[in-house]
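Engineer: Add 1 to a position in the sequence shown, counting from 1, and you land on the number used in the working numbering. Every residue, glycine too, gets a C-beta built ideally from N, C-alpha and C. From a predicted model like this one, the values you see are computed outputs, not experimental measurements.
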Amino acid sequence: MAFYKYSADKIFDGKGGILENMCIVTDKNDTILSVEPLPATKDDILFVKGWICPGFVNTHCHLELSHMKGKVDTGTGLLPFLMQVVGFRDIPIENILEAIQKADTEMYKNGIVAVGDISNKADSSFTKNKSLLRYYTFVEMFDFLQPQLAQKTFDQYIEVYHTFSENNKDKKKLCSPCTLHSEQTTLHFAECCQSKW
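(1) Taking the straight line between their C-alpha atoms, what separation do you get for I224 and K110?
(2) From N30 to F4, what does the alpha carbon distance come to, in whole angstroms?
(3) In chain order, which continuous runs of the alpha helix (DSSP H) of length 4 or greater are located wholly inside the stretch 126 to 163?
(4) Note down the Cα distance separating M84 from L39, rounded to an integer number of angstroms.
(5) Counting Cβ pairs closer than 8 Å, one from the stretch 67 to 82 and one from the stretch 42 to 56, do we hit at least three?
(6) Kindly say whether S126, judged by its beta-carbon, lies nearer than 8 Å to any beta-carbon of chain C.
(7) Spatial neighbours of V114 within its chain, please: C-beta separation below 6 Å, excluding the five flanking residues on both sides.
(8) Pick helix, strand or coil for F82, following the three-state DSSP scheme.
(9) Could you tell me the distance, in whole angstroms, from the CA atom of I12 to the CA atom of M108?
(10) State buried or exposed for E65, treating a residue as buried only when at least 16 other CB atoms are found within 10 Å of its CB.
(11) Since P38 sits in a beta bridge, which residues does DSSP pair it with?
(12) If I'm right that E95 touches S120 with Cβ under 8 Å, what's the distance once you round it to whole angstroms?
(13) Helix or strand or just coil, what does DSSP make of H61?
(14) For the beta strand (DSSP E) that contains K50, what are its first and last residues?
(15) Taking only the alpha-carbon atoms, compute the straight-line gap between H61 and G112 and give it to the nearest angstrom.
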């Protein structure tokens with residue numbers, strides 16, 4: 002079995018410990034086998050200046066909205082935010098896809114290894130399928146409490162759900178905003194009836 006050894010000025014163990022004069026031993030799949038004291042001979046150790054730490058997890062992302070970065074007010078509440086999002090509907094798809102790719106690359110370069118991404122459309126599926134990050138895609142449903150459109154809306158989001166691949170580390174899940182619990186929230190009931198999804 003091939004072993005690889007890594008070390009740095011400091012190693013953060015993810016549990017609050019900061020280690021010095023230690024090395025991380027992995028197998029060829031980068032599975033950590035052990036953390037050991039630095040040996041006297043360091044020829045077979047890849048040493049990096051700075052810190053080694055566990056990868057970061059972005060637990061709430063909207064990758065498909067990357068083209069709006071810095072263009073939408075924050076802290077406004079849901080309805081004003083959604084009104085601003087609607088204003089960006091006519092952006093060329095090439096610009097949207099480029100911004101998605103750029104955001105994916107930026108997250109990777111900043112040490113993020115996994116992302117919980119909320120999606121309403123399938124725009125980010127191509128990038129996710131070739132990304133170095135592990136994605137968990139939550140397909141979010143909106144119908145703005147229009148019971149007559151619930152089934153059509155549900156079907157639209159099921160199509161988005163099926164567009165996302167579970168290959169290349171991407172996992173997917175359906176979710177609906179159940180913030181208003183009433184008999185009018187028929188999109189919620191349509192989703193619940195389709196629990197096999």
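Structural biologist: In short, the structure shows the following:
(1) Look at the range of the chain in this structure, 2 to 198, and you will see that residue 224 is not part of it.
(2) For N30 and F4, the distance between alpha carbons rounds to 10 Å.
(3) 126 to 131
(4) 56 Å
(5) no
(6) The chain labelled as chain C is not found in the depicted structure, where only one protein chain is given.
(7) G56
(8) helix
(9) 21 Å
(10) buried
(11) M23
(12) Incorrect: roughly 19 Å between the Cβ atoms, too far for contact.
(13) It is a strand residue.
(14) K50 -> beta strand (DSSP E) spans I46 to I53.
(15) 16 Å
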